[in-house]
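Peer 1:
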DNA sequence: GTTGTGACGGGTC
DNA sequence: CGACCCGCCACAA
């Protein structure tokens, strides 16, 4: 539980217009477990508080959203990112430009 | 306490 | 490149 809290804290720090990766968040949280981060965000009790849509996979793929890895929710995630200035092409983000290390 | 699972990551083939 | 396999951590049954 404490771990997930740390994850939410870190994710909340991700600046608008940028994105971070599960791995980066995991390390920043201090536990080192991308899967655990995904599991935590999947539940995301702080829906609007924690910008879970700013967390993507290390390869640039969006990953998932609202507990789903595909479907209309994914489109929403893409839109939100684009609305913040993040370029999303074919469901993939350029980590070299928008990827950031929280903390 | 053991087993199974998942919005993952990195290394091999 | 793309497909595959193994390893990682936290949580629920």
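In full-length UniProt numbering, the protein residues as written are 1 to 103.
Note that beta-carbon positions come from the ideal geometry of N, C-alpha and C, so glycine has one too.
These numbers come from a predicted model, not from an experiment.
1) Thinking residue 3 and residue 24 are a contact (beta carbons under 8 Å), I'd like their distance in whole angstroms, please.
2) Leaving out five residues before and five after residue 15 in sequence, what residues of the same chain have Cβ atoms less than 8 Å from its Cβ?
3) Strictly by DSSP, which residues pair up with residue 99?
4) Can you check which of these residues, 1, 19 and 73, is closest to residue 39 by C-alpha distance?
5) Leaving aside the five residues before and after residue 80 along the sequence, list all residues of the same chain whose C-beta is less than 7 Å from its C-beta, in chain order.
6) Where DSSP assigns a beta bridge to residue 65, which residues make up the other side?
7) Does the beta-carbon distance from residue 57 to residue 22 come in below 8 Å?
8) Are the CB atoms of residue 41 and residue 103 nearer to each other than 8 Å?
9) Quick one: measure Cβ to Cβ for residue 92 and residue 19, integer angstroms, because I've assumed they're closer than 8 Å.
10) Report the three-state DSSP secondary structure of residue 37 (helix, strand or coil).
Peer 2: In short:
1) Contact annotation, residue 3 with residue 24: C-beta distance approximately 15 Å; criterion of less than 8 Å not satisfied.
2) Cβ neighbours of residue 15 beyond the five flanking positions: 100.
3) For residue 99, the pairing in a beta bridge is given by DSSP as 19.
4) Checked all of 1, 19 and 73; the closest Cα to residue 39 is 1.
5) For residue 80, where only same-chain residues beyond five positions count, the Cβ hits under 7 Å are 53.
6) Note: residue 65 sits in a beta bridge opposite 68.
7) Contact flag set, yes.
8) In this structure, residue 41 sits away from residue 103, with a CB-CB distance that is not shorter than 8 Å.
9) 11 Å between Cβ atoms; not a contact.
10) In the structure shown, residue 37 sits in a helix (DSSP, three-state: H, G or I).
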